[in-house]
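Student: Residue numbers for the first sequence follow our numbering, so the first one is 5 and each next one is one higher.
The beta carbon of each residue, even a glycine, is placed where N, CA and C say it ideally should be.
Before I ask anything, here is the structure I am working with.
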Amino acid sequence: MTERVRFAPSPTGPLHIGGVRTALFNYLFAKKNNGVFVLRVEDTDQKRKVEKSEEYIFESLKWAGISPDESVLNPGKFGPYRQSERNEIYKRYIDELIQKKGAYYAFDSSERLSEEREKAERKGGAFKYNYENRELFENSLNLSETETQNRIRKGDPYVIRLWIKPNEEVIGKDEIRNTIRVKSNELEDKILVKADGTPTYHLANVIDDHCMEITTVIRGEEWLPSLPIHILIYEKFGWDKPKFVHLPLILNPSGKGKLSKRDGDKNGYPVFPIRWKDEHDGYREKGFLPAAHLNYIAQLGWSTNAEDEIMDLKDIVREFDLKNVQKGGARFDYEKAKWINQQHIKRLEKEELVKLIKSKRKDLEGSYDTKQIFEIAELIQDRILLITDIENLCAMFLEKPKEYDLKILEKLEKHNMVELISKFEKLIEFSDIYQLKDLILTFCRKENIGMGAVMQTLRMAMVGNLSGPDIVEVIKVIGKKSTLDRLKKLTEFNQKN
RNA sequence: GGCCCGUUCGUCUAUCGGUUAGGACGUUAGGUUUUCAUCCUAGAAAGAGGGGUUCGACUCCCCUACGGGCUACCA
């Protein structure tokens, strides 16, 4: 049997890390089992629909490299893939459910219900519409058949509720947590169909998973409490149940609760895969490689026996096993996410890195040929944490230092910097710059100055501070002319101040 | 409040009754390097607490504590 899994986001805003992780695990499971990864848009609540979020979901998954095999964009034979377009299908099944006495009509107004809710809250509990109190309300269980039909014909608003029998034990199975038992008395007769005739999540979800022949439901742990409701719906219909997998939640790094947008903004890490409406940068904009982003996210709540934790998507698919999914929530750690990104960049093929560098610094090609850009790539590769670092790391190859670190400049004064520079200028003006290292060595010996002083002075002139790649190599790339320019500029700066 | 799920270094995790409880990020100290980054070496760092079961428990059971989720005509 081919495994069919689905990712079922609701287009109520941007997808966040938790959503990407759920999508990823569905994708991994599908690929590992040669199965099919379906994306279904759960937009039954049209009021909550947010413009552009459906497109955002697709774009995000595309960027991450985990696009679905079946979806609105590439439909299979189980469409439509948008719940708002499946109302005809739901209607048929709703009728069936009523006939099978799995559900009943309820005419109670929202006002009445919220009153009850408030009353219960005041007593410190929660209101539950179920076997204990449903005879107190207006529903088809209390009304006669004709009365019910009359009210429906008259146009009285009604909802349809799941009819839960008391004193039963509902037994669900989660693949990573094993058996979960709940007494049916604890459950509520959940609303399955809203007053506008559209189904709620619980109903639509079960019907769709059945119709789309989903074999394994992989979703976030926040759905665990409604598993019994879903089990009951499957049983009322007499359908085979899929397997259920509830993924542990991704928690805030500091403080409490699920990873949130607010917390991300506050602490400066992204929670979305790609930019959302110019308001929030995503991992893409922050400079993450899609593979690295996925690599980190995969390891939140999942682990591998592989000796190397740096993996691309193919590796993860190969290693993936639901057995290694963790039960407890995982705290998000931006430092580790960045480290993994750095590792991915370090392992990039030179050609790929050069392509990346060229796209980030288009002006590089105006000043350097391909061979030189390869040399630049070589020099900066180990220093890139985020792709966005490339811009700064390349700056030294394109422009003179904008400013000098004055503290260090002061220290260099002690070595007669200006004099040193002028001697050095003469030296390299008539020498082969490719022998620079030897040149400097002999220069130091002859002038009886420390290597450090020369190197640091050079570095100041070239970069403006004391960090960066091997300055000798940098000079070779930049060339003699620019080097002399920069030395001159430092001298001028020094004389002025 | 009720129901459900969970709990191994600061963080992500390995361990499937017998281990000096392993790895990774971070951190500390050295080394390499003209500098920074990389890299290398070493160190500190964990089984929530209490009861059982067992020759033996991080591992199985129970209780407590703590954490999380759910408790909408949202998903």
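(1) Please list the terminal residues of the continuous alpha helix (DSSP H) segment that includes D319.
(2) Quick check: the Cα distance between I218 and V249, rounded to an integer number of angstroms?
(3) If you reduce the DSSP assignment to three classes, tell me which class F141 lands in.
(4) Is the separation between the beta-carbon of P15 and that of E58 shorter than 8 Å?
(5) V329 by DSSP, collapsed to three states: which one?
(6) Which partner residues does P203 have in the DSSP bridge list?
(7) Count the other C-beta atoms from every protein chain shown that fall within 10 angstroms of the C-beta of N299, then say buried if there are 16 or more, exposed otherwise.
(8) Span of the alpha helix (DSSP H) holding G268?
(9) Touch check for the segment 198-216 and the segment 85-104: three-plus C-beta pairs under 8 Å?
(10) Taking the alpha carbon of T26 as the reference point, which residue from L65, K56 and N37 has its own alpha carbon closest?
(11) Measure the beta-carbon distance from E508 to L491 and round it to whole angstroms, keeping in mind my assumption that it falls under 8 Å.
(12) DSSP three-state call for L43: helix, strand or coil?
(13) Quick one: Cα of I475 to Cα of Q376, how far?
(14) Alpha carbon to alpha carbon, what distance is there between K354 and G332?
(15) Report the rounded CA-to-CA distance for F11 versus R138, giving the unit in angstroms.
(16) Just reading off the alpha helix (DSSP H) that D49 is part of, what are its end residues?
(17) Could you check the C-alpha separation between K406 and K281 for me, to the nearest Å?
(18) In whole angstroms, what separates the C-alpha of R266 from that of Q87?
(19) Please name the residue in K362, E120, D316 and E119 whose C-alpha comes closest to that of A295.
(20) Could you give the residue range of the beta strand (DSSP E) that holds H250?
(21) Looking at I437 and Q385, is the spacing between their C-beta atoms short of 8 Å?
(22) For the beta strand (DSSP E) containing N30, name the first residue and the last one.
(23) Can you check whether the CB of L191 is closer than 8 Å to the CB of N134?
(24) Could you pull out every residue in the same chain whose Cβ sits closer than 8 Å to the Cβ of Y408, ignoring the five residues on either side in sequence?
(25) By the 10 Å Cβ neighbour count, where 16 or more other Cβ atoms means buried, how is K418 classified, buried or exposed?
(26) Tell me, which residues are paired with F276 by DSSP?
(27) Could you check where the beta strand (DSSP E) with L440 kicks off and where it finishes?
(28) Assuming A68 and V40 are in contact, meaning their beta carbons sit under 8 Å apart, how far apart are those beta carbons, in whole angstroms?
Tutor: Concretely, from the data shown:
(1) As a first step, residue 319 must be located in the first sequence, where it is residue number 315. Its alpha helix (DSSP H) spans residues L317 to E323.
(2) Translated into positions along the first sequence, residue 218 becomes position 214. Translated into positions along the first sequence, residue 249 becomes position 245. Their Cα atoms are separated by approximately 13 Å.
(3) Your numbering for residue 141 matches position 137 in the first sequence. In the structure shown, F141 sits in coil (DSSP, three-state: anything other than H, G, I, E or B).
(4) Residue 15 sits at position 11 when you count from the first residue of the first sequence. Residue 58 sits at position 54 when you count from the first residue of the first sequence. Yes. Within cutoff.
(5) Here residue 329 is taken as the residue at index 325 of the first sequence, counted from 1. Residue state, collapsed to three classes: strand.
(6) Locating residue 203 in the first sequence gives position 199, where the first residue counts as 1. DSSP output for P203 lists V197 as bridge partner(s).
(7) Counting from one through the first sequence, the residue named residue 299 turns up at place 295. Flag for N299 reads buried.
(8) Here the question's residue 268 lines up with position 264 in the first sequence. That run of the alpha helix (DSSP H) goes K265 to N271.
(9) yes
(10) Numbered from 1 along the first sequence, position 22 holds the residue referred to as residue 26. Closest by alpha carbon: L65.
(11) This structure gives no information on residue 508, because the portion of the chain shown stretches from 5 to 501.
(12) Counting from 1 along the first sequence, the entry for residue 43 is found at position 39. Here L43 sits in strand by DSSP.
(13) Looking up residue 475 in the first sequence gives position 471. Looking up residue 376 in the first sequence gives position 372. Going from the Cα of I475 to the Cα of Q376 covers about 15 Å.
(14) The count along the first sequence starts at 1 and reaches residue 332 at position 328. The count along the first sequence starts at 1 and reaches residue 354 at position 350. Roughly 40 Å between the two C-alpha positions.
(15) Counted from its first residue, the first sequence places residue 11 at position 7. Counted from its first residue, the first sequence places residue 138 at position 134. Distance between the alpha carbons of F11 and R138: 35 Å.
(16) By one-based count along the first sequence, residue 49 stands at place 45. D49 -> no alpha helix (DSSP H), and no H or E assigned at all.
(17) Within the first sequence, numbered from 1, the residue matching residue 406 stands at position 402. Within the first sequence, numbered from 1, the residue matching residue 281 stands at position 277. Their Cα atoms are separated by approximately 34 Å.
(18) Taking the first sequence and counting its residues from 1, one reaches residue 266 at position 262. Taking the first sequence and counting its residues from 1, one reaches residue 87 at position 83. The straight-line gap from Cα to Cα measures roughly 30 Å.
(19) Counting from one through the first sequence, the residue named residue 295 turns up at place 291. Nearest option by C-alpha distance: D316.
(20) Position 246 of the first sequence holds residue 250. K247 to L251 is the span of the beta strand (DSSP E), which, as asked, contains H250.
(21) On the first sequence, residue 385 is found 381 positions in, with the first residue counted as 1. On the first sequence, residue 437 is found 433 positions in, with the first residue counted as 1. Not a contact, by the Cβ cut-off of 8 Å.
(22) In the first sequence, counting from the first residue as 1, residue 30 sits at position 26. Unbroken run through N30 is the alpha helix (DSSP H), I21 to K36; no beta strand (DSSP E).
(23) Your numbering for residue 134 matches position 130 in the first sequence. Your numbering for residue 191 matches position 187 in the first sequence. The answer is yes: Cβ separation under 8 Å.
(24) Looking up residue 408 in the first sequence gives position 404. Counting only Cβ-Cβ distances below 8 Å, and skipping sequence neighbours, we find M464, G468, N469, L494 and F497.
(25) By 1-based counting over the first sequence, the position of residue 418 is 414. K418 should be labelled exposed.
(26) Locating residue 276 in the first sequence gives position 272, counting from the first residue. DSSP lists G286 as partners of F276.
(27) Taking the first residue of the first sequence as position 1, residue 440 is located at position 436. Note, L440: premise wrong, no beta strand (DSSP E); alpha helix (DSSP H) at L440 to E451.
(28) Position 64 of the first sequence, counted from the first residue, corresponds to residue 68. Position 36 of the first sequence, counted from the first residue, corresponds to residue 40. Between V40 and A68 the Cβ distance is about 18 Å, and since that is not below 8 Å, they are no contact.
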